[in-house]
Amino acid sequence: MRILGNLLFILLVWGMAVDAHGQDSENSEITVTGRVTDSESGETLPGVNIVIKGTLNGTTTNLDGEFTLRVPGSNTILVFSYVGFETQEITVGSQEYLDVKLVERIGSLSEVVVVGYGTQRRMEVTSSISSVPATEIAQQTTTNLNQALQGRVAGVNITQNSGAPGAGISVDVRGIGTIGNSSPLYVIDGIPGGDINSINPQNIKSIEILKDASAAAIYGANGANGVVLVTTKGGTIGEAQIDFDMTRGIQQLSNKMDMLNAEQYARMQNEARAASGLETYWDNPSSLGKGTDWQDELSQNAVMQKYNLSVSGGTEDLQYFVSGGYYDQEGVLVGSGFERGSIQANADYKINDYFKIGNRLSLARTNQASIPEDYPFATDNRIVGALEMSPTVPVFRDGQYAGPLGDFEGSSQGPNPVGLAVINDVENKVSNVVNRAYIEITPIENLIIKSELGVDYTDGNYFEFNPTYRWGITSSSIAQLYRGSSNSFGWTSQTTARYQDTFKQYHDVNFLAGFSVSESRYESIDASAQGFISEKVRVLSAADQINSLSEFVEEEAMIGYFGRINYAFDSKYLFTGNVRVDGSSKFGEGNRYGVFPSFSVGWRLSEEQFLSDINALDDLKLRVSWGKSGNSQIGNYNYATRLNLSQYYVFGSGQEIVPGVAPNSVPNKDVKWETTTQTNIGVDLALFQDKINFTADYFIKNTTDMLVPVPIPSSSGITEAPYQNAGEIENKGLEIAMFYQNSVGDFYYKIGGNFSAISNEVLDLGGGLPVPSPILYRESVRLTRTEKGRSVGEFYGYKTDGIFQNQSEVDSHADQPGAAPGDIRFVDVNGDGVINDSDRTYIGSPIPDFQYGINANFSYKNFDLNMLFSGVQGNKLMNTMGYRLLNGSHIGNKMAGVLDRWTGPGTSNEMPRLTWNDPNDNARISDRYVEDGSYFRLKNILLAYNLSESMLEKIGARSARIFVSARNLFTITDYSGFDPELGKVDNNNLNYGIDMGNYPVPRSFNIGVSLGL
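Here the sequence shown stands for residues -22 to -1, 1 to 991, where the numbers follow mature numbering (1 follows the signal peptide of the UniProt record, and there is no 0).
Structure below.
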């Protein structure tokens, strides 16, 4: 594969050099005149750019669409370009008069967009739907399709939960609408469900995001969080076309934490121990020098490579598309990586005028190697381990991995992080098979009946082996093995009938009716073991002891009936109405069915007589929509008592371990759907032959019957809190998307942007207590709370008021046990004169005030330049690493910020004194760790060169392109952590914006080629 890639690079670079010389033309000049018109309406087109190909010489058409141009000879090729129309090339030949008819470019008002169970022309859409061109997706060098959508869609917040290869992505459409699962529904080739991570971005034909209820309600119980429609490529009529794409790149850390070097670390330790009345460790810190930079040792320049080969073509009756892809990404941190192989095979066959069949087959295999990044402690997190590791410890000592030789080198901060990353073996392999088949019948004119069957099978295998080691005084004497196996199988059958017709010239109607049935089953087995006679035999049966063994099985079934009517009068007055009835096995007998209606109306003012004289106005449309949709992503069996089977229950006075069965949940037979009601008002505007395009939407999105956990006493023995439909959340927001495009001669440019500002408020929790986040930090400490009148998942902790400068300030303050000069002064929020847990309060929200994206595309002759910027503003982040790295106690390494610590009155009012045991608990969760998360980032930049037609003829290719690109090239932010782009820990909405020592998002540089034959 590398040899082929190198040959392609040489070929294309040589082609560029030869191409630069151009072609000779005949010397006899001739004068050409002509007229340019719209091929459909016949209207003349003023301002059309006409250039002699390969030069800057040219002209434009006048107000009557006419032109005159002197050209070098009969072999001259003229290029006609006009915004909103397809570019056309014409060889002059013997013609002295050219009658040129330009075809309107599909992509403006006539663009066909995918909607639920069908398609519509863009001009007739009355809902809030955003489209992302497949060409923009293909330009990205990302692992995940969602990553390629970042910054491109107003109202859609996409963040990486981790920068690790193959890591998860959190996606929120129009805010967080529940404290449960808020992920959108993915519909792939018309069938709901499927693994978005298994899709090769090169195989995408189109992506639409249904944002308002009018668009999403057709998916009923699964549409509350928005719907992402993904359509893969199909074949085209014509000879077989072969396309090959290759990308190679290097990734690196985009940012490093500023940590203490060995000398600074030793001096800090001595000061901390002296302040606590303890003997100092280091006699001569200056002799230590800089020591080991553990960030450099754990990181690496990582190679990324991506290959894709596809064949497509067909006749009028049969079209096909077959693609194979391979993606391999090393991690920028040692011990991590991701690999994916995929095959896509699509075919459509028209049997006759009445019958058509088709199939979409997708195969994918992924393998992810990962390193722990779950908690902000060195023993559980390689990243925090590298940051805290003493710089006085080398990576190697006496031919093996080194470790601390005593407490003075931080033995409690964990073992050698590089050694662990290398010797620990962690793999997560997933195989996915998806097949979608359909039969389409047209019994009479305008009526199409389509029946589809989709099956989805996923098999996963997790393997982790942690061998024994002894490095310095850190060791693990017992090897550990963790194995997990899971598989899921689901099928969906759906049948629709569509009727479309036009009556009396002005009345366009489109009726849709259908039903769907789906079932799924998931099962998993997990086991852990320890102690092995030989660590080379890494199987459960070779272990001395099985520590745990568990099995999990769940099933789900749904049935749905739906209908839709679209009506348009004279393409001017538009109406869409939807209704869906869904039934789900997740709910009790009395609440299994839900009804989800919606409607939308549109008025195309640009078609009215009173605006007909405004030639610049292409389209002006007002839209209003309302609807309800549901969220059934709540887990199965909440209406029933769930039992836990275990071999390890402790029973009786003798504490005997016995097998048994116990309830682990409290049933709620009244549990039902979470329902989201949404109102949307929007406007669409297109001006100057689609040079300017503007869309704005204002929405109110209200979720009722939200499932809220009911607290129960721990003495009950119940491990899972019951849920009741008691909560309500409201999201309100403004979305704006626009672009301007134009061309001047050979130069074309398109600059666009999107903006969204969304507010989030909890309106009700059923009169219950605030909902805390899961425990992620210190024992019993929860980092966020969700309470009525506030936004979801606000940070919760102590407020601070500087540093005590002297003893009199300590004495005059509220009772703060352990406080001394140089310690942090915590605010007595409740005014009771004592600093305790009752003084914890809200200290920031991770939800941004607004977010935006800027997309710029330029092309000049054969060169293309594309740039994507993205940013957020006004959000807060919880940097829990500050607990370890900015705390003036403990013996691990610290950030360089501790050099500005308090050393006496007036020396600092931000960084506390150094101590060995932190008697004031300066490290407690407070607003010290809450930082501004705003950032502005160049997300992607790409420069490409396309070989000219003459050069393509020489090499026998249909198209050829070479490009260089960079991702995450720079970021402007005040955040002190690795990266301000933080998603959700465990993809939990209550854990949003928390930095647990997350794997940093890397910077990458790539070069690639695309070749079409």
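All C-beta atoms in this analysis are idealised placements derived from N, C-alpha and C, irrespective of residue type, glycine included.
These figures come from a predicted structure and were not determined experimentally.
*If we ignore side chains and look at the alpha-carbon of each, how far apart do A415 and A325 end up?*
Straight through space, the alpha carbons of A325 and A415 are spaced by roughly 10 Å.
*If you drop the 5 nearest sequence neighbours on each side, which residues of the same chain put their C-beta closer than 8 Å to that of N124?*
Contacts found: I136, I147, V149, I174.
*Please go through the stretch 784 to 858 and give each complete beta strand (DSSP E) segment of 3 or more residues, from N-terminal end onward.*
Taking 3 residues as the shortest admissible run, the stretch 784 to 858 contains the following complete beta strand (DSSP E) segments, listed from N- to C-terminal end: 802 to 804, 819 to 822, 828 to 838, 841 to 851, 854 to 857.
*Verify whether the separation of the beta carbon atoms of G731 and P826 is less than 9 Å.*
In this structure, the beta-carbon distance from G731 to P826 does not fall below 9 Å.
*If you drop the 5 nearest sequence neighbours on each side, which residues of the same chain put their C-beta closer than 8 Å to that of E4?*
Low local confidence applies: a pLDDT of 40 at E4 is under 50, so the model's placement there is unreliable, with the coordinate-based value given in what follows. So the qualifying residues of the chain are P50, G51, S52, N53.
*residue 993: which of V495, S340, R542, D77 sits nearest, CA to CA?*
The question about residue 993 has no answer here: the residues shown for the chain are numbered -22 through 991.
*What do you reckon, are the CB atoms on Y776 and I714 nearer than 9 Å?*
I714 is positioned such that its CB atom lies no closer than 9 Å to that of Y776.
*Below 9 Å between beta carbons: does that hold for residue 1007 and L864?*
Because the chain in this structure spans residues -22 to 991, residue 1007 falls outside the shown range and cannot be described.
*asked:* Tell me the DSSP secondary structure of Q278 in three-state form.
replied: In this structure, DSSP gives Q278 a state outside helix and strand, which the three-state scheme calls coil.
*Starting from the Cα of L341, find the closest Cα among F374, P372, S301 and give me that residue.*
Of the candidates F374, P372, S301, the one whose C-alpha sits nearest the C-alpha of L341 is S301.
_Nearest to S466 (by Cα), restricted to the options H485, E513, T33, G172_ = For S466, the nearest C-alpha among the options comes from G172.
*From G744 to P162, what does the alpha carbon distance come to, in whole angstroms?*
Those two C-alpha atoms are separated by around 25 Å.
_DSSP-derived helix/strand/coil call for D964_ = Residue state, collapsed to three classes: helix.
*Quick one: what's got a C-beta closer than 8 Å to T97's C-beta in the same chain, skipping five residues either side?*
The answer, listed in chain order, is V90, V91.
*Thinking just about the alpha-carbon of each residue, which of F666, G605, D548, L741 is nearest to the one in S576?*
Comparing Cα positions, the closest option is G605.
_Three-state secondary structure (DSSP) of S578_ = Taken through DSSP and simplified to helix, strand or coil, S578 comes out as strand.
*asked:* Taking 6 Å as the limit between beta carbons, can you name the residues of its chain near L339, skipping five residues before and five after?
replied: Result list for L339: A323, N413, in chain order.
*DSSP bridge partner residues for E922 (one or two, in chain order)*: It should be pointed out that residue 922 corresponds to Ala in this sequence rather than to Glu. BP columns for A922 point to D842, F941.
*Coil, strand or helix - A535 by DSSP*: Under the three-state reduction of DSSP output, A535 falls in the strand class.
*Assuming Q283 contacts F316 (C-beta within less than 8 Å), just tell me the rounded distance between them.*
In fact, because the Cβ distance is near 12 Å, the residues do not count as touching under 8 Å.
*Indicate the three-state DSSP secondary structure (helix, strand or coil) for T10 in the structure shown.*
With the sequence shown as reference, residue 10 is identified as Val, and Thr is not the correct amino acid for it. Strand, per DSSP.
*Where does S584 sit, in a helix, a strand or coil, going by DSSP?*
DSSP, reduced to helix, strand and coil, places S584 within a helical segment of the structure shown.
*Note down, in chain order, each residue of its chain lying with its Cβ closer than 8 Å to the Cβ of D815, except the 5 sequence neighbours on either side.*
Within the same chain, D815 has no close Cβ partners at all.
*Ends of the beta strand (DSSP E) at L741?*
Run containing L741: 725 to 743, per the beta strand (DSSP E) assignment.
*Taking T344 as part of the beta strand (DSSP E), name the residues at either end of that continuous run.*
It spans 333 to 347 - the beta strand (DSSP E) in which T344 sits, taken as one unbroken run.
*Short Cβ contact (9 Å threshold) for L47 with E64*: The Cβ atoms of L47 and E64 do not sit closer than 9 Å to each other.
*Tell whether a beta-carbon distance below 9 Å holds between P752 and N969.*
Going by C-beta atoms, P752 is nearer than 9 Å to N969.
_Assigned secondary structure, W604 (DSSP; H/G/I helix, E/B strand, else coil)_ = Residue state for W604 is assigned as strand, using DSSP reduced to three classes.
*With distances taken Cα to Cα, identify the nearest neighbour of E532 among G613, D591, V963, G705.*
Comparing alpha-carbon positions, the option among G613, D591, V963, G705 lying closest to E532 turns out to be G613.
_If you reduce the DSSP assignment to three classes, tell me which class D236 lands in._
Under the three-state reduction of DSSP, D236 is assigned to coil, being neither helix nor strand.
*Answer yes or no: the CB of D801 versus the heavy atoms of the ligand ADP, is any distance below 8 Å?*
Of the ligands one can find in the structure shown there are none, so the ligand ADP has no counterpart to examine.
*asked:* Looking at the secondary structure, which residues open and close the beta strand (DSSP E) in which Q230 lies?
replied: Here the beta strand (DSSP E) through Q230 covers 216 to 230.
*Which residues mark the beginning and the end of the beta strand (DSSP E) in which V165 is found?*
V165 -> beta strand (DSSP E) spans 163 to 166.
_Buried or exposed by the 16-neighbour rule on C-beta atoms within 10 Å, applied to P958_ = With 16 or more other Cβ atoms within 10 Å, it is buried.
*Would you report the Cα separation of A901 and G884, rounded to the nearest angstrom?*
Their Cα atoms are separated by approximately 21 Å.
*From S464 to D437, what does the alpha carbon distance come to, in whole angstroms?*
Rounded to the nearest angstrom, the two C-alpha atoms are 6 Å apart.
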